[in-house]
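Asks: Sharing a structure, written as structure tokens. Questions coming.
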Amino acid sequence: MTDKAIEKRRFGETDIEVSALGLGTWAFGGWSYGEMPDGEAVRVIEAALEAGINFFDTAPTYGRGRSEEILGEVLGRDRERAIFCTKGGTAIEGGRAVKRFDPAFLETSLSKSLHRLKRGYTDLYLLHNPSGDVLENQGMYDWITREKKRGRIVHWGASMYGDTDDNMFVASTGIDFIELRLSLLRNDIHEDLLEMPIGFIGRSPLESGFLTGKYGLDATFDSERDHRSGSSLAYREAVHEALAILRPLVDRCVAGSLAELAVRYAARHPYPSTVVAGARTAEMLRENVRAYRQGPLPADADAVIQEARKVFESRSST
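Read in my numbering, the sequence shown has 185 at position 185, and its numbers run on one by one without any break.
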């Protein structure tokens, strides 16, 4: 890729610059979006670097640790070109995800993550979808403070869902960043949050691939290796109806595809420093980059997007 580089933005209140488009690695390791060979994951990373992407989002549960291992093998010692964001607070017990935010678990989890990433620190450490009661755990914050003093955590924050009260509470705890959903159908970065002295990361711009329009209501997914197998019919129907409203934008050549529309909306949004988009193949990564390079969506697309979002919100139960 020799086209213009992806824009770099100030990373929250720090002096770090990150690419406006980041790489999400939930698919790496083959336990969340179906099978994915390690070699293809490496090619995705290489394509990301070639495009100018420098922000890599992972977690110890992604690929049951394999996502972090692959990033470490390719980029662990490349501190100039790679900014790592990993997470803590989720354990795999009996094949199921269980939330754990006690300091002892977080300590062990971080140590294992850094070993897999082949680094002595992580640029950003996010609490992985904590609930409201967890956010009142002072011991957790004391542990984070100790780890920052040790140098194993440079900046910290939380990856959250759409509960406005929880998001406002965690934003007031001294975090540096909050990671929230940002797509054509959802924007969890509410205006009240913008008044807080924190940085924002957008995630799920493609709604786990459903915004590409590739998956109908009867689409099936591997129940063991693809988290989308748990998506509700109400959610799929809501997406399906919203896409019917959005498709005319593609027909009018506002965007070349629904996927391009989704990436351009999120990655060109003014609120986040970076938007994390996943890719199961190097070609998918290049498609995301090409979409970003098409520039912002025209202003008149916003009314259509808001209409689609209202329909989605009225129908979706997720």
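Using N, Cα and C, we set each Cβ at its ideal position, and we do this for glycine too.
#1: Helix, strand or coil for Leu182, going by three-state DSSP, please let me know.
#2: Roughly how many whole angstroms lie between the Cα atoms of Ile305 and Ala104?
#3: Is Gly95 near Arg225, with beta carbons less than 9 Å apart?
#4: Once the 5 residues before and after Pro130 are set aside, which same chain residues still bring their CB inside 7 Å of it?
#5: What residues in its chain sit with their C-beta under 7 Å from that of Asn54, if we drop five residues either side in the sequence?
#6: Ile245 and Ala308 look like a contact to me (Cβ under 8 Å); what is the Cβ gap, rounded to whole Å?
#7: According to DSSP, which residues form a beta bridge with Thr90?
#8: Out of Val134, Pro298, Leu182, point me to the one whose CA is closest to Ala267's CA.
#9: Determine whether the beta carbon atoms of Tyr215 and Arg203 lie at a separation below 9 Å.
#10: Go through its chain and collect everything with a Cβ distance to Met1's Cβ below 6 Å, but skip five positions before and after it.
#11: DSSP three-state label for His269, please.
#12: So what's Trp31 in DSSP terms, helix, strand or just coil?
#13: Do Leu126 and Phe177 come within 9 Å of each other at the CB atom, strictly closer than that value?
#14: Around the Cβ of Ser232, are there at least 16 other Cβ atoms within 10 angstroms (buried) or fewer (exposed)?
#15: How long is the line joining the alpha carbons of Ser314 and Val74, rounded to whole angstroms?
#16: Answer with buried or exposed for Cys253, where buried requires no fewer than 16 other C-beta atoms within 10 angstroms of its C-beta.
#17: List the DSSP bridge partners of Leu21.
#18: I'd like to confirm the pairing. Which residues does DSSP put opposite Leu206 in its beta bridges?
#19: How about Pro272 and Ile189: are their beta carbons less than 9 Å apart?
#20: From the DSSP output, which residues share a beta bridge with Gly226?
#21: Could you give the residue range of the alpha helix (DSSP H) that holds Ser67?
#22: So which of Pro270, Ala303, Glu283, Lys310 has the shortest CA-CA distance to Arg10?
#23: For Arg247 and Met160, what's the separation of their Cα atoms in angstroms?
#24: Do Val154 and Leu185 come within 9 Å of each other at the CB atom, strictly closer than that value?
#25: Going by CA-CA distance only, name the one from Gly22, Glu68, Phe210 that's closest to Ala262.
#26: Determine the contact status of Asp78 and Gly132, defining contact as a CB-CB distance below 9 Å.
#27: Here's a check: name, in chain order, each residue in its chain whose Cβ is nearer than 7 Å to the Cβ of Phe28, leaving out the five neighbours to either side.
#28: The beta strand (DSSP E) with Asp57 in it runs from where to where?
#29: If Gly22 and Val275 are in contact, beta carbons under 8 Å, what's the gap, nearest whole angstrom?
#30: If I'm right that Gly151 touches Arg119 with Cβ under 8 Å, what's the distance once you round it to whole angstroms?
#31: Is the distance from the Cβ of Lys99 to the Cβ of Thr58 below 9 Å?
#32: I need the straight-line Cα distance from Pro205 to Ala277, nearest angstrom please.
Replies: In terms of the structure at hand:
#1: To locate residue 182, count along the sequence shown from 1; it is residue 182. Correct three-state label for Leu182: strand.
#2: If you number the sequence shown from 1, residue 305 lands on position 305. If you number the sequence shown from 1, residue 104 lands on position 104. So the two alpha carbons sit approximately 44 Å from each other.
#3: What you label residue 95 is simply residue 95 of the sequence shown in a count that begins at 1. What you label residue 225 is simply residue 225 of the sequence shown in a count that begins at 1. No.
#4: Mapped onto the sequence shown, residue 130 falls at position 130. Excluding positions up to five away in sequence, the list reads Gly89, Phe101, Ala158.
#5: Counting from one through the sequence shown, the residue named residue 54 turns up at place 54. Counting only Cβ-Cβ distances below 7 Å, and skipping sequence neighbours, we find Val18, Ser19, Arg81, Ala82, Ile83.
#6: For the purposes of this step, residue 245 is taken as the residue at position 245 of the sequence shown. For the purposes of this step, residue 308 is taken as the residue at position 308 of the sequence shown. With 8 Å as the limit, Ile245 and Ala308 qualify as a contact, their Cβ atoms being about 4 Å apart.
#7: Within the sequence shown, residue 90 is the residue found at index 90, counting from 1. For Thr90, which the question treats as bridged, DSSP gives the partners Lys99.
#8: Within the sequence shown, residue 267 is the residue found at index 267, counting from 1. Here the closest residue by C-alpha is Leu182.
#9: Stepping through the sequence shown from its first residue, residue 215 is reached at position 215. Stepping through the sequence shown from its first residue, residue 203 is reached at position 203. For Tyr215 and Arg203, no; Cβs fall outside 9 Å.
#10: As a position in the sequence shown, residue 1 is number 1, starting the count at 1. Here the model assigns Met1 a pLDDT of 43, short of 50, so the residue's position is not dependable, and the following value carries that caveat. Contacts found: Glu50, Ala51.
#11: The sequence position of residue 269 within the sequence shown is 269, counting from 1. His269: coil per DSSP, three-state reduction.
#12: Numbered from 1 along the sequence shown, position 31 holds the residue referred to as residue 31. Reduced to three states, the DSSP call for Trp31 is coil.
#13: In the sequence shown, counting from the first residue as 1, residue 177 sits at position 177. In the sequence shown, counting from the first residue as 1, residue 126 sits at position 126. Contact flag set, yes.
#14: Within the sequence shown, numbered from 1, the residue matching residue 232 stands at position 232. That one is exposed.
#15: In the sequence shown, the residue the question calls residue 314 occupies position 314. In the sequence shown, the residue the question calls residue 74 occupies position 74. Each residue's Cα considered, the two are about 43 Å apart.
#16: As a working mapping, residue 253 is identified with position 253 in the sequence shown. Looking at its Cβ environment, which holds fewer than 16 other Cβ atoms inside 10 Å, Cys253 is exposed.
#17: By 1-based counting over the sequence shown, the position of residue 21 is 21. DSSP lists Val275 as partners of Leu21.
#18: Numbered from its first residue, the sequence shown carries residue 206 at position 206. Beta-bridge pairing links Leu206 to no other residue.
#19: Walking along the sequence shown from the start, residue 272 turns up at place 272. Walking along the sequence shown from the start, residue 189 turns up at place 189. Result yes, Cβ atoms of Pro272 and Ile189 sit closer than 9 Å.
#20: Within the sequence shown, numbered from 1, the residue matching residue 226 stands at position 226. Per the sequence shown, the amino acid found at residue 226 is Asp instead of Gly. Asp226 is bridged to Tyr33.
#21: Here the question's residue 67 lines up with position 67 in the sequence shown. That run of the alpha helix (DSSP H) goes 66 to 75.
#22: Numbered from 1 along the sequence shown, position 10 holds the residue referred to as residue 10. Measuring from the Cα of Arg10, the nearest candidate turns out to be Pro270.
#23: Residue 247 sits at position 247 when you count from the first residue of the sequence shown. Residue 160 sits at position 160 when you count from the first residue of the sequence shown. Going from the Cα of Arg247 to the Cα of Met160 covers about 29 Å.
#24: As a first step, residue 185 is located in the sequence shown; it is residue number 185 there, counting from the start. As a first step, residue 154 is located in the sequence shown; it is residue number 154 there, counting from the start. Not closer than 9 Å, so no.
#25: Against the sequence shown, residue 262 aligns to sequence position 262. Comparing Cα positions, the closest option is Phe210.
#26: The count along the sequence shown starts at 1 and reaches residue 78 at position 78. The count along the sequence shown starts at 1 and reaches residue 132 at position 132. Result no, Cβ atoms of Asp78 and Gly132 do not sit closer than 9 Å.
#27: As a first step, residue 28 is located in the sequence shown; it is residue number 28 there, counting from the start. So the qualifying residues of the chain are Met36, Ala41, Tyr62, Gly63, Arg66, Ser67, Ile70.
#28: As a position in the sequence shown, residue 57 is number 57, starting the count at 1. That run of the beta strand (DSSP E) goes 55 to 57.
#29: Residue numbering aside, residue 22 sits at position 22 when the sequence shown is read from its first letter. Residue numbering aside, residue 275 sits at position 275 when the sequence shown is read from its first letter. About 7 Å separates the two Cβ atoms, so the contact holds.
#30: The sequence position of residue 151 within the sequence shown is 151, counting from 1. The sequence position of residue 119 within the sequence shown is 119, counting from 1. With a Cβ gap of about 11 Å, Gly151 and Arg119 do not count as contacting.
#31: For this step, residue 99 is matched to residue 99 along the sequence shown. For this step, residue 58 is matched to residue 58 along the sequence shown. No, the Cβ-Cβ distance between Lys99 and Thr58 is not below 9 Å.
#32: If you number the sequence shown from 1, residue 205 lands on position 205. If you number the sequence shown from 1, residue 277 lands on position 277. Going from the Cα of Pro205 to the Cα of Ala277 covers about 6 Å.
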